[in-house]
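For the sequence shown, our numbering begins at 41 and goes up steadily by one.
All C-beta atoms, glycine included, are put in the ideal place defined by N, C-alpha and C.
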Amino acid sequence: LQIIKAVAPGGPSEGMSYPWFFYLLASCAALTAFVGLLFLVACMKKYDATFSSAMFVGSFVVSASIMSAVHYSTFQNLNGIANYILYPFGLLVLMVG
């Protein structure tokens, strides 16, 4: 979305085009989502659905936590040493179950 906003106020129709890496990143994002869905379907066929879905949700939460820590500077907003211990511990409890 930032690339689309940076091109021009009216979009690419006013003579400016998107940079080459926009199409590369959009294609990679779509391909990654599709391949991940194929892996999930294959996993659900091979293993129990409750195990597969729990692992999918757990990995989603951990990856979302890492991405939010990078994008929103989560660890800069943690106050006190207890929060630095409890945040990763909470993720660990989530993964262990």
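Sub-7 Å separation of residue i and residue j beta-carbons
i, j, result
"residue 109", "residue 100", "no"
"residue 83", "residue 93", "no"
"residue 102", "residue 131", "yes"
Helix, strand or coil at residue i [DSSP, three-state]
i, result
"residue 124", "helix"
"residue 80", "helix"
"residue 137", "coil"
Cutoff 8 Å; reference residue i; Cβ partners in own chain excluding five residues on either side
i, result
"residue 124", "115 and 118"
"residue 80", "92 and 96"
Minimum Cβ-Cβ distance from residue i to chain C less than 7 Å
i, result
"residue 100", "In the displayed structure, chain C is absent; only one protein chain is listed."
Same chain only: Cβ atoms within 7 Å of residue i, ignoring 5 sequence neighbours per side
i, result
"residue 127", "118"
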